Each structure stands twice: as C-alpha cells, then as structure tokens.
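Respectively, the protein sequence lines represent chains A and B.
Residues 1 to 311 (full-length UniProt numbering) make up the first sequence, in order.
Residues 1 to 128 (full-length UniProt numbering) make up the second sequence, in order.
Here a beta-carbon is modelled for each residue, glycine too, at the ideal position from N, C-alpha and C.
Quick caveat: nothing in here was measured; it's all calculated off a predicted structure.
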Amino acid sequence: MLPLVLTGCAGRHNWLASAGAEAQAVEDLFWVLILGAAVIWSLVIGLAIYAHQTSAPRKEPQARRFIVWGGAALPTLVVGGLLIWGMVILRDITAKEGDLTVRVDGERWWWRVIYDGPDGPFTTANEIRLPQGQTTLFRLTADDVIHSFWVPALGGKMDMIPGRETSLTLTPLEQGNWGGICAEYCGGAHALMRFDTIVMPPDDFRTWLAAEAAPAEIAADDPGWQVFLDEGCGACHTLRGTEAQGPVGPDLTHMASRERLGAGIYAMTPENLSRWITDTDRMKPEVDMPAYPHLSGAELEALVTFLMSLE
Amino acid sequence: MRPKHAPRVIDQGSVWILVAVPSIWAGHFLLSYWIAAIWCAKLPAGASLAEIRWVIAGLGALSIAAIAGLGVIAVRRYGGEFLVFEEITESSERGRDRFIGHVTLLLCGLSVMAVLFTVIPGLVIGQC
Ligand SMILES: [Cu+2]
C-alpha cells in the first residue's frame, strides 16, 4: 500500500488510466507535449552536434534567418497553439453544466458531500458515487483553509477556496473505485484526507442514490444508539431522521455502506472502527475528533455493532 | 524628411518610440485585467465574460493598430528593418536611427504577440 501511496501514479490513482473523459483530454495534451518536446530537443541537439563537427562555411544572414524563424517565430507558434489547446481543455472541464450536480465541501480533514436526492438535497461524506458515462458537475467550496479536489484517474484537479465556489466536471468512462485526494496542503492530516470515487452503471447509481437519501434505520432500544447519545457523538455527527444533528463531523447516516473509514484511509471493519473510537488521534494524527478511551468493553462493542448496522 | 512644425515626442531620432510600443502592451494588459476584474466582482458568482469579451477583443485590436502605426513610423522615418543581416555599428545619425527602428520593430513583434496572448484567454474561456 505505502509504495502505491508514495508514487501516486499506479492503480486507482493513476492519472494515465484514461478512466474519465477529462483525464483523457489532459493525457492527450500531455503526450503531445512530451513527444513534441522530445522531437524538438533531438533536433536542437542534433544541430548543435552538426554545427560543432562540420567545417562547412556558414553565412551570417543564413544564421540570422535561422534564429529568427527557428528561435523566435516557431516557438511563438508552438507555445500559442499549446496555450489555446490548454485553455480549451480548461474551459471544458470547468464548464458549468452536467447531467447531475454534486456539491463537495472541503473540511479539515474530510469531505462533506451534498447530493440532489429524489426529495431534495441530502448530505453524506467521504465517498462519492458517480454514474458511468454521465457528466457530473462538482460545485466546490471549503470551510476553513484551501483544499484541492482531485480524482487523478478521472480528471481535475480544482482548488476549493473558502468564501468562493469553484467548479469542475467529471465524466467517468470506466467502472471501478478510483482514489481521490486533497491536492493542496491543508495542515497536519492533509495526506490522510482522501476519498473513494465509485463509478457504477447509471441504474445502480439511481438505486444507490435513493437508498442513500433515506433516513437512518434505528431501533430505539439499540444499546449502541444509547451509547452514541450518552457520549454526545450527536453533537458533531448527524444521523438523518434522528435527534443527532451535529454538523461538525461527517454524516454517519449510512456510514457502514462506505468502503472506507476516516476519510478514505482504513477499510470499514469493526476492528478499525473500534480503534477509531478509542485511539482516534493515533489512527489519524491531528484529527478534529476526541478519542473515547474510557468506554467499557461492552459499551464499545455495542457502539461499534450499532454503527456497523448503519447501511 | 523632418517635418517643419515643432518636434514631436516620437519623431526621427527620438528613443521614445522604443518605450511607447511595450507601454501599449502594458496598458492593454492592465485595462483588460481591470475591466474583467471589476466586471466579475460586481456581478454574482459564476458570471460570464460574454458581454465584455468583445470589449477586451476591441481593446486588443486598437492596441495592435497603434503598435502597427508605430511600426510604420519605425520603417518610414527611422529606416528600420525587421531582419538585419549584419551588425549595425555605424556611428552616425543614420546608424542610430536604423538601430532604433530595428529594435522598435522587434518590440512591435513581441508586443503584438503579448497582446494576442492576453486577448485569447478572454475569447476562449469567457467565464469569470
Ligand atoms: Cu485538504
């Protein structure tokens, strides 16, 4: 895992994976740039070697003309062309249109995600699902400091700036779970601010959206729910449809249906969840959630069972 | 062929023609930037530059026309050439004029490109 994270250019973070139309557009430009640079570099070096080795007499006017056309006119044209191409890409990937709109708010160090559900907008967190082949418009904001929203395999990236809204479109072409990261240093846990981007067939996506929009299903006498309330988790976390309406931390209404815990960094397992609650700061240094090491074994188990039932 | 009336700032022998050309570029850049910034700041978020992109393009056309005008002066009055094939070393009134004319023409080329590079984003992107 670590080598993958460090290189950032293999597997599900591979920005050359062609998994999205926007990433594909940037990749095309990239290859033209690299190959073009290789050709020009070889030409220049070849000429330099030739000039060094030949003893053929050269004429001043010829040399000057060569410098004007090869050294000034041609680069201007090349750079101008690349400028226009790059701007067209930028214009297209920041277009303010999409088949659906998702709002994402960068927080230290997690992601608040707001979908338009069947009955109006609802909030979830840390995992984004997208319909394959459709264009999603992201409207991006930040709450505290500048973050940057990037799913390398699909496209982007785009800064999230407090007090402003930026936008970005993603048109995923391939199904899969593509990694997302914060790409602008935002403080201590910046490198642990991640998310999953799951691309699914449009029909499955609609089914998921309806399920995700539904309120939490809770048995009032669930002992874990009691622990949740007694420990005050609801002051920071929301379980839609209950009295827990805290806006500070990620929405937990369907947290167990997420693939990862702690903003995309651990597998969603009871063991990891249990450690998250008792050793929060060790699981994610500088995290903005207090640890609960004082919970008894029974309380912790009830709480974890309860949370893992929130699908 | 020095005109008979009082000397102008930009006349044969004056170096101001050199300064004037990139100044037009700088002026165009600043004006475009200010207009776009004020326009975008006064309108709600996500506003479009569509209505004023032609202002920016028009400013660009004016600037290029002014630069071209100075280029013509550099050729006619200073005897400037865009391409010179030998060094201009002659220490005379005419040599200095030719040198100024040549440099002015090079700056004209640079400034026209710079103005175009300022206009293009306005035309292509068209949003704040
Ligand atoms: Cu961040």
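Residue range of the unbroken alpha helix (DSSP H) whose run includes residue i
i	result
Pro75(A)	74-93
Asn272(A)	270-278
Ala26(B)	16-42
Ser63(B)	53-76
Met113(B)	93-124
Nearest residue (CA-CA) to residue i, options the options
i	options	result
Phe306(A)	Ala216(A), Thr171(A), Gly155(A), Pro131(A)	Ala216(A)
Pro285(A)	Val104(A), Met268(A), His190(A)	His190(A)
Gly163(A)	Glu184(A), Thr141(A), Gly156(A), Leu170(A)	Thr141(A)
Gly249(A)	Gly187(A), Glu231(A), Gly156(A), Trp111(A)	Trp111(A)
Ser14(B)	Glu81(B), Arg77(B), Ile120(B)	Arg77(B)
residue 147(B)	Ile88(B), Ala65(B), Gly101(B)	Because chain B here runs from 1 to 128, residue 147(B) falls outside it and cannot be looked at.
residue 360(A)	Leu83(A), Glu311(A), Ser55(A)	With chain A covering only 1 through 311, there is no way to say anything about residue 360(A).
Val102(A)	Thr171(A), Ile146(A), Thr76(A), Leu229(A)	Thr171(A)
Ala214(A)	Thr124(A), Met87(A), Ser55(A), Gly106(A)	Thr124(A)
Ala68(B)	Val112(B), Gly79(B), Phe117(B)	Val112(B)
Gly117(A)	Arg206(A), Val304(A), Ser55(A)	Arg206(A)
Cys186(A)	Val39(A), Glu27(A), Ser148(A)	Ser148(A)
Ala19(A)	Ala291(A), Val26(A), Asp119(A), Leu173(A)	Leu173(A)
Alpha-carbon to alpha-carbon, residue j and residue i
i	j	result
Asp222(A)	Arg260(A)	24 Å
Leu6(A)	Gln226(A)	Residue placement at Leu6(A) cannot be trusted, given a pLDDT of 48 that sits under 50; the coordinates are not used to answer.
His294(A)	Gly246(A)	22 Å
Asp230(A)	Val124(B)	57 Å
Asn14(A)	Leu43(B)	39 Å
Ser274(A)	Arg258(A)	16 Å
Glu271(A)	Thr76(A)	60 Å
Asp203(A)	Gly126(B)	35 Å
Gly8(A)	Asp105(A)	Low local confidence applies: a pLDDT of 48 at Gly8(A) is under 50, so the model's placement there is unreliable, with the coordinate-based value given in what follows. So the two alpha carbons sit approximately 23 Å from each other.
Leu35(A)	Ala48(A)	20 Å
Leu192(A)	Ala183(A)	11 Å
Met87(A)	Gly27(B)	23 Å
Unbroken beta strand (DSSP E) run spanning residue i, endpoints
i	result
Gly297(A)	Premise fails: Gly297(A) lies in the alpha helix (DSSP H), 297-308, not in any beta strand (DSSP E).
Met200(A)	194-200
Pro121(A)	120-125
Met255(A)	Segment: none, Met255(A) is in no beta strand (DSSP E) and carries neither H nor E.
Phe138(A)	136-142
Status (buried if at least 16 other CB within 10 Å, exposed otherwise) for residue i
i	result
Val115(B)	buried
Thr136(A)	buried
Asp196(A)	buried
Ala23(A)	buried
Asp251(A)	buried
Pro3(A)	Low confidence applies here, because Pro3(A) scores a pLDDT of 48, under 50, leaving its location unreliable; read the following figure in that light. By the neighbour-count rule (16 or more Cβ atoms within 10 Å), Pro3(A) is not buried but exposed.
Met1(A)	Its pLDDT being 47, under 50, Met1(A) is placed unreliably in this model, and the value from its coordinates should be taken loosely. Label assigned to Met1(A): exposed.
Phe66(A)	exposed
Glu311(A)	exposed
Val19(B)	exposed
Check whether residue i and residue j have beta carbons under 7 Å apart
i	j	result
Glu165(A)	Arg139(A)	yes
Arg129(A)	Trp208(A)	yes
Arg194(A)	Ile277(A)	no
Met308(A)	Ala256(A)	yes
residue 314(A)	Ile181(A)	Absent from the structure is residue 314(A), since the part of chain A shown begins at 1 and ends at 311.
Ser32(B)	Ile52(B)	no
Phe82(B)	Leu59(B)	no
Gln175(A)	Gln134(A)	no
Self-check item: Contacting positions in the region 87-111 of chain A - beta carbon closer than 9 Å to chain C
Solution: As a matter of chain content, chain C is missing from the structure shown, whose protein chains are A and B.
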